[in-house]
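At position 74 of the sequence shown (counting the first as 1) the number is 74 in UniProt numbering, and the numbers step up by one without a gap.
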Amino acid sequence: MKNKRKLIILGLILFSLICIYIGKNYIEGKKQINSQSVNVIENLEEAKDGIPTIIMFKTDTCPYCVEMQKELSDVSKEREGKFNIYYARLEEEKNIDLAYKYDANVVPTTVFLDKEGNEFYVHQGLMRKNNIETILNSLGVK
1 MKNKRKLIIL
11 GLILFSLICI
21 YIGKNYIEGK
31 KQINSQSVNV
41 IENLEEAKDG
51 IPTIIMFKTD
61 TCPYCVEMQK
71 ELSDVSKERE
81 GKFNIYYARL
91 EEEKNIDLAY
101 KYDANVVPTT
111 VFLDKEGNEF
121 YVHQGLMRKN
131 NIETILNSLG
141 VK
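If you want it as structure tokens, here you go:
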């Protein structure tokens with residue numbers, strides 16, 4: 001009986017530690033995502049600097065947006081400086097007109113622009129790293 005009680009207490013402690021760890025990582029991930037959000041409309045003209053651009057429309061409450069942003073971050077690290085990434089939070093009113101322009105009625109929506117700033121490809125929903133890389137390769141980003 002004592003051993004069973006000890007196992008239950010140990011299990012509860014372990015469960016609590018796991019919950020704390022997951023909660024901490026979730027909050028840290030949210031902070032990172034919010035700090036990467038920019039006002040896309042102001043920066044879109046600057047994006048036409050001779051390299052392709054990715055615009056990701058997202059919301060803070062969308063789990064697929066969080067996952068998609070991690071995929072984009074991985075690709076960005078491998079191809080640093082070869083393309084621009086902008087995150088447009090749809091909770092911000094200033095990004096709504098741009099969302100209408102690219103029919104971003106689903107999140108995440110990812111827009112790929114060529115080096116002249118012309119629309120190359122629009123994808124609605126989650127994209128994996130290999131799909132992102134395929135499109136970037138088509139845009140000449142190696």
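Built from N, CA and C at the ideal position, the CB exists for glycine as well.
Q | Beta-carbon gap between Val141 and Pro52 smaller than 8 Å | A | Yes, these two residues count as a Cβ contact at 8 Å.
Q: Ignore the nearest five residues each way along the sequence and tell me which others in Leu126's own chain have a CB closer than 7 Å to its CB.
A: Answer for Leu126: Tyr64, Glu67, Met68, Pro108, listed in chain order.
**Q.** Tyr64, enclosing alpha helix (DSSP H) - first and last residue
**A.** According to the DSSP assignment, Tyr64 belongs to the alpha helix (DSSP H) that extends over 63-78.
Q) Can you find a C-beta in chain C that's less than 8 Å from the C-beta of Leu136? A) The chain inventory of the structure shown lacks chain C, comprising one protein chain alone.
Q. Alpha helix (DSSP H) containing Lys101: first to last residue?
A. Note, Lys101: alpha helix (DSSP H), 96-101.
Q) What do you get for Thr110, buried or exposed, if any count of 16 or more other CB atoms within 10 angstroms of its CB means buried? A) By the neighbour-count rule (16 or more Cβ atoms within 10 Å), Thr110 is buried.
Q. Which residues mark the beginning and the end of the beta strand (DSSP E) in which Leu113 is found?
A. Segment 109-113, the beta strand (DSSP E) holding Leu113.
Q: Reducing DSSP to helix, strand and coil, say where Phe120 ends up.
A: Three-state result, Phe120: strand.
Q: With distances taken Cα to Cα, identify the nearest neighbour of Phe120 among Arg5, Gly81, Leu139, Tyr86.
A: Nearest of Arg5, Gly81, Leu139, Tyr86 to Phe120, Cα basis: Leu139.
Q) Anyone know if the C-beta pair for Lys129 and Asp74 falls short of 8 Å? A) Yes.
Q: Determine the DSSP secondary structure at Ile51, reduced to helix, strand or coil.
A: The answer is coil: DSSP assigns Ile51 none of H, G, I, E or B.
Q.
For residue 146 and Glu71, I'd like the C-alpha separation in whole angstroms.
A. The shown model of the chain, from 1 to 142, leaves out residue 146, and the question about it has no answer.
Q | Distance between Thr134 and Leu113 (C-alpha atoms, nearest Å) | A | Take the alpha-carbon of Leu113 and the one of Thr134: they are about 14 Å apart.
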